[in-house]
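> Start counting the sequence shown at 1; every next residue gets the next number (full-length UniProt numbering). Virtual Cβ for every residue (Gly too), placed ideally from N, Cα, C. This is the structure, below, for whatever I ask next.
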Amino acid sequence: MRLINASIKDLAESLQRGEVTSVSLVEVGELNKPCRMAYIARIQQVNGIVKAVSEINPDALELAEKCDEERLSGRSKGILHGIPFLAKDMFLTTDRMQTTAGCKALQGAEPSFEATVIAKLRNQGAILLGKSALTQWANYRSPRTAPNGWSSANGQCTAPFADYQDPSGSSSGSAVAVSLGLCAFGLGTEASSITNPAQKAAVVGLRPTTGLVSRHGVYSVSEYQDSVGVHGRTVDDCAIALSSIAGGPPDNLIYSSVDPEDHFTMVDPLDGQDAKRPEEGTDFSSNLESCSMDGIRIAVPSILLDTDRARLDATKRAIDVMTGLGAIIIEDAEFLQWETDEERASDEWKRAFWVQLRDSMIIHLIVCGEMLTFAHSFLLDMGKFLGSFNSTEIEMKTLSDVINYTISTPEERAEEYGIEEWVAAEHTGQSYDRDSQEYETSLRRRLEMGDQAKELLDRYHCDIYLASSSKWQPGMTGGYPSISIPIGAFPQDTPIKSRPRTGLVQKGPGIPFSIVMVARRWDDQKLIEVAKVFEQAMNVRQNLHLKIEPTAEVKL
Numbered sequence: 001m002r003l004i005n006a007s008i009k010d011l012a013e014s015l016q017r018g019e020v021t022s023v024s025l026v027e028v029g030e031l032n033k034p035c036r037m038a039y040i041a042r043i044q045q046v047n048g049i050v051k052a053v054s055e056i057n058p059d060a061l062e063l064a065e066k067c068d069e070e071r072l073s074g075r076s077k078g079i080l081h082g083i084p085f086l087a088k089d090m091f092l093t094t095d096r097m098q099t100t101a102g103c104k105a106l107q108g109a110e111p112s113f114e115a116t117v118i119a120k121l122r123n124q125g126a127i128l129l130g131k132s133a134l135t136q137w138a139n140y141r142s143p144r145t146a147p148n149g150w151s152s153a154n155g156q157c158t159a160p161f162a163d164y165q166d167p168s169g170s171s172s173g174s175a176v177a178v179s180l181g182l183c184a185f186g187l188g189t190e191a192s193s194i195t196n197p198a199q200k201a202a203v204v205g206l207r208p209t210t211g212l213v214s215r216h217g218v219y220s221v222s223e224y225q226d227s228v229g230v231h232g233r234t235v236d237d238c239a240i241a242l243s244s245i246a247g248g249p250p251d252n253l254i255y256s257s258v259d260p261e262d263h264f265t266m267v268d269p270l271d272g273q274d275a276k277r278p279e280e281g282t283d284f285s286s287n288l289e290s291c292s293m294d295g296i297r298i299a300v301p302s303i304l305l306d307t308d309r310a311r312l313d314a315t316k317r318a319i320d321v322m323t324g325l326g327a328i329i330i331e332d333a334e335f336l337q338w339e340t341d342e343e344r345a346s347d348e349w350k351r352a353f354w355v356q357l358r359d360s361m362i363i364h365l366i367v368c369g370e371m372l373t374f375a376h377s378f379l380l381d382m383g384k385f386l387g388s389f390n391s392t393e394i395e396m397k398t399l400s401d402v403i404n405y406t407i408s409t410p411e412e413r414a415e416e417y418g419i420e421e422w423v424a425a426e427h428t429g430q431s432y433d434r435d436s437q438e439y440e441t442s443l444r445r446r447l448e449m450g451d452q453a454k455e456l457l458d459r460y461h462c463d464i465y466l467a468s469s470s471k472w473q474p475g476m477t478g479g480y481p482s483i484s485i486p487i488g489a490f491p492q493d494t495p496i497k498s499r500p501r502t503g504l505v506q507k508g509p510g511i512p513f514s515i516v517m518v519a520r521r522w523d524d525q526k527l528i529e530v531a532k533v534f535e536q537a538m539n540v541r542q543n544l545h546l547k548i549e550p551t552a553e554v555k556l
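Here it is as structure tokens:
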């Protein structure tokens, strides 16, 4: 069993049969011996180059020992018992690890509670191996100029298929780590940043419907858009992980699908009267061996497809595969109203986003332990947080403080990378509060644009639509479930194209790309089943070639 190809099921079955132990999966070992070497050893071999892991859990070995003891005594907690995973460095944890969102100023801050999804995974015996790298502050500091995968806390993360390859963002390290077999699966977050890094790393990226997974204890950018999701080697891996993190906290015994700390797990403005959330305890992996694409209607909006020859040809081949699997393809489907270029999008609909961004920044700073005095009239009621914060002193209390810190701290590289999104958020927050007519108009416009995905699917009577990973699309804005599946790589004669200013390689020989499937809100199960059938038929990853690969393996 090579860890770079090992699925969660492979690992779980080997653990159950006693062929490996959780300790052998995580222990450092001796790098030149083919025994007792696994994930931590693999991280040590390649992380100096790709910087996908920002921190290894100092308690990982102790946690693994506990899992092995529980398994031997017949107290296994399920399929994830003893399985190591990584969490993006935006998930609050109360262990000995940091939660920095990529900002050095937050190193040493101590959250007083853990993210709901972390608590759920711990409760099921999964081992938090460490934190994965990210684009600082979820790539909403200056997304047009700052490098994907860069943060002052961790440096520059890169993808593994080319030298200095752009990993995309913001869940950069999670995707790279899964691609290199540094963990069994990774947790990320997405406004649009699970599927994009998955593409660059040739892994599966699953972004559930907003509200299916609690975001409590996770720094997020937009409450209407963000979702906690998964990077996995396969659709099965993502489905297993989703089944484990969906719903409320593990101690919420009455309404297990609801987290009182994230009201979107209860109700969402985009949900209509006919909204049907998955049943409590849904196992999204249960039907994957018998699912089919037969009769599934798939819309293909050409406006959402990349037009370069390699990706367009691969997309056409992918569509042919879907047709051969029994899917009904509706080509050249058109949105009634959608602009794919953010630069040309109206400031009106972004106004609400900027206000939410400003509020989200403040919430994260508060959770990490600073004072609670805010004069701004639009700020969220912070009363419910009062009992949750440690007394750790943090100099930053507001977005304005973060801006000032960034400008005055050379390591933050403000002059080089900019802070334009923060400036827009600060200016907008000062001009419009959440009670203003302008905010309400902006939010309504944003919800209308997000609803374009449902309108298109309804009009063409489709179950799913396709998009290129790099395209901004209404499913992101509307909180729709999406999944990224690899479909190919650029040919060897492809000229290298680097991102201006940063030099990160975006396009070149062997760099992979994906297609994104988007389904209706709460149709996560159907989306996963369709993706599984398609993934099996394509089987692209076996033909891709990593530029760097760790060699440490666990001894069977």
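#1: Residue 272: buried (16+ other C-beta within 10 angstroms of its C-beta) or exposed?
#2: Run through DSSP, which three-state label would residue 533 get?
#3: Secondary structure at residue 86, three-state DSSP: helix, strand or coil?
#4: With burial defined as no fewer than 16 other Cβ atoms inside 10 Å of the residue's Cβ, what is the status of residue 463: buried or exposed?
#5: Are the region 279-290 and the region 303-322 in contact at 8 Å, needing three or more beta carbon pairs?
#6: Along the chain, where does the beta strand (DSSP E) that runs through residue 427 open and close?
#7: DSSP three-state call for residue 538: helix, strand or coil?
#8: Mind listing, in chain order, the continuous beta strand (DSSP E) runs of no fewer than 3 residues lying wholly within the region 59-127?
#9: Could you check whether the Cβ of residue 311 sits closer than 9 Å to any Cβ belonging to chain B?
#10: Quick one: Cα of residue 59 to Cα of residue 465, how far?
#11: What is the DSSP secondary structure of residue 565, reduced to helix, strand or coil?
#12: At what residues does the beta strand (DSSP E) containing residue 56 begin and finish?
#13: If you draw a straight line from the alpha carbon of residue 532 to that of residue 163, how long is it in whole angstroms?
#14: So, with DSSP's three-state summary, where would you put residue 2?
#15: Which of helix, strand or coil does DSSP assign to residue 231?
#16: Just to confirm, does residue 266 get its C-beta within under 8 Å of one of the non-hydrogen atoms of the ligand SAM?
#17: Is it true that the CB of residue 187 sits closer than 9 Å to the CB of residue 231?
#18: Leaving out five residues before and five after residue 9 in sequence, what residues of the same chain have Cβ atoms less than 6 Å from its Cβ?
#19: Alpha carbon to alpha carbon, how far is residue 122 from residue 437?
#20: If you drop the 5 nearest sequence neighbours on each side, which residues of the same chain put their C-beta closer than 7 Å to that of residue 179?
#21: Can you find at least 3 beta carbon pairs, one from the region 207-220 and one from the region 471-485, that sit closer than 8 Å?
#22: Threshold first: 3 residues or longer. Then list the beta strand (DSSP E) segments lying entirely within the region 270-317, N to C.
#23: Where do the N-terminal and C-terminal ends of the alpha helix (DSSP H) with residue 446 fall, by residue?
#24: Measuring straight from C-alpha to C-alpha, what distance separates residue 486 and residue 435?
#25: Whole angstroms are fine: how far does the CA of residue 258 sit from the CA of residue 103?
#26: DSSP has residue 505 in a bridge; who is on the other side?
#27: Tell me, please, whether the region 531-545 touches the region 490-505 by the rule of three or more beta-carbon pairs shorter than 8 Å.
#28: Skipping 5 residues on each side, what residues in its chain have a beta carbon closer than 6 Å to that of residue 77?
#29: Alpha carbon to alpha carbon, how far is residue 530 from residue 290? Give it in angstroms, no decimals.
#30: Go through its chain and collect everything with a Cβ distance to residue 312's Cβ below 8 Å, but skip five positions before and after it.
#31: Answer with buried or exposed for residue 269, where buried requires no fewer than 16 other C-beta atoms within 10 angstroms of its C-beta.
#32: Rounded to a whole number of angstroms, what is the C-alpha to C-alpha distance between residue 84 and residue 98?
#33: Report buried or exposed for residue 302, applying the criterion of at least 16 other Cβ atoms within 10 angstroms of its Cβ.
#34: Taking the alpha-carbon positions, what's the residue 75 to residue 66 distance?
#35: By the 10 Å Cβ neighbour count, where 16 or more other Cβ atoms means buried, how is residue 193 classified, buried or exposed?
#36: Should the region 103-118 be called in touch with the region 36-45, which here means at least 3 C-beta pairs below 8 Å?
Answer, in terms of the structure:
#1: As a working note, residue 272 is residue 272 in the sequence shown. Its Cβ having fewer than 16 others within 10 Å, residue 272 is exposed.
#2: For the purposes of this step, residue 533 is taken as the residue at position 533 of the sequence shown. Correct three-state label for residue 533: helix.
#3: Counting from 1 along the sequence shown, the entry for residue 86 is found at position 86. It is a strand residue.
#4: On the sequence shown, position 463 is the one that residue 463 refers to. Looking at its Cβ environment, which holds 16 or more other Cβ atoms inside 10 Å, residue 463 is buried.
#5: no
#6: As a first step, residue 427 is located in the sequence shown; it is residue number 427 there, counting from the start. It is not in any beta strand (DSSP E) - residue 427 instead sits in the alpha helix (DSSP H) that spans 420-431.
#7: In the sequence shown, residue 538 corresponds to position 538, counting from 1. Of the three classes helix, strand and coil, the one that applies to residue 538 here is helix, per DSSP.
#8: 84-88
#9: As a matter of chain content, chain B is missing from the structure shown, which is built from one protein chain.
#10: Looking up residue 59 in the sequence shown gives position 59. Looking up residue 465 in the sequence shown gives position 465. Those two C-alpha atoms are separated by around 43 Å.
#11: The displayed coordinates of the chain run from 1 to 556. Any statement about residue 565 would go beyond what the structure contains.
#12: Taking the first residue of the sequence shown as 1, we reach residue 56 at position 56. Start and end: 53-56.
#13: If you number the sequence shown from 1, residue 532 lands on position 532. If you number the sequence shown from 1, residue 163 lands on position 163. Between residue 532 and residue 163, the C-alpha separation is close to 31 Å.
#14: Counting from 1 along the sequence shown, the entry for residue 2 is found at position 2. Of the three classes helix, strand and coil, the one that applies to residue 2 here is coil, per DSSP.
#15: For the purposes of this step, residue 231 is identified with residue 231 of the sequence shown, where counting begins at 1. Reduced to three states, the DSSP call for residue 231 is strand.
#16: With respect to small molecules bound, the structure shown includes none, and the ligand SAM cannot be examined in it.
#17: Counted from its first residue, the sequence shown places residue 231 at position 231. Counted from its first residue, the sequence shown places residue 187 at position 187. Yes.
#18: On the sequence shown, position 9 is the one that residue 9 refers to. Answer for residue 9: no residue qualifies.
#19: If you number the sequence shown from 1, residue 122 lands on position 122. If you number the sequence shown from 1, residue 437 lands on position 437. Straight-line Cα distance between these residues: approximately 44 Å.
#20: In the sequence shown, counting from the first residue as 1, residue 179 sits at position 179. Answer for residue 179: 160, 201, 202, 203, listed in chain order.
#21: yes
#22: 297-300
#23: As a position in the sequence shown, residue 446 is number 446, starting the count at 1. Its alpha helix (DSSP H) spans residues 437-450.
#24: By 1-based counting over the sequence shown, the position of residue 486 is 486. By 1-based counting over the sequence shown, the position of residue 435 is 435. Distance between the alpha carbons of residue 486 and residue 435: 43 Å.
#25: By 1-based counting over the sequence shown, the position of residue 103 is 103. By 1-based counting over the sequence shown, the position of residue 258 is 258. So the two alpha carbons sit approximately 31 Å from each other.
#26: The count along the sequence shown starts at 1 and reaches residue 505 at position 505. In the DSSP output, where bridge partners are listed per residue, residue 505 has 165, 498.
#27: no
#28: Numbered from its first residue, the sequence shown carries residue 77 at position 77. Correct list, in chain order: 124, 125.
#29: As a position in the sequence shown, residue 290 is number 290, starting the count at 1. As a position in the sequence shown, residue 530 is number 530, starting the count at 1. Approximately 11 Å between the Cα atoms of the pair.
#30: In the sequence shown, the residue the question calls residue 312 occupies position 312. Excluding sequence neighbours, residue 312 sits near 305, 306.
#31: Residue mapping note: residue 269 aligns to position 269 of the sequence shown, counting from 1. Residue 269 should be labelled exposed.
#32: Your numbering for residue 84 matches position 84 in the sequence shown. Your numbering for residue 98 matches position 98 in the sequence shown. Rounded to whole angstroms, residue 84 to residue 98 spans 18 Å at the Cα level.
#33: One-based indexing of the sequence shown puts residue 302 at position 302. That one is exposed.
#34: One-based indexing of the sequence shown puts residue 75 at position 75. One-based indexing of the sequence shown puts residue 66 at position 66. The straight-line gap from Cα to Cα measures roughly 11 Å.
#35: If you number the sequence shown from 1, residue 193 lands on position 193. By the neighbour-count rule (16 or more Cβ atoms within 10 Å), residue 193 is buried.
#36: no
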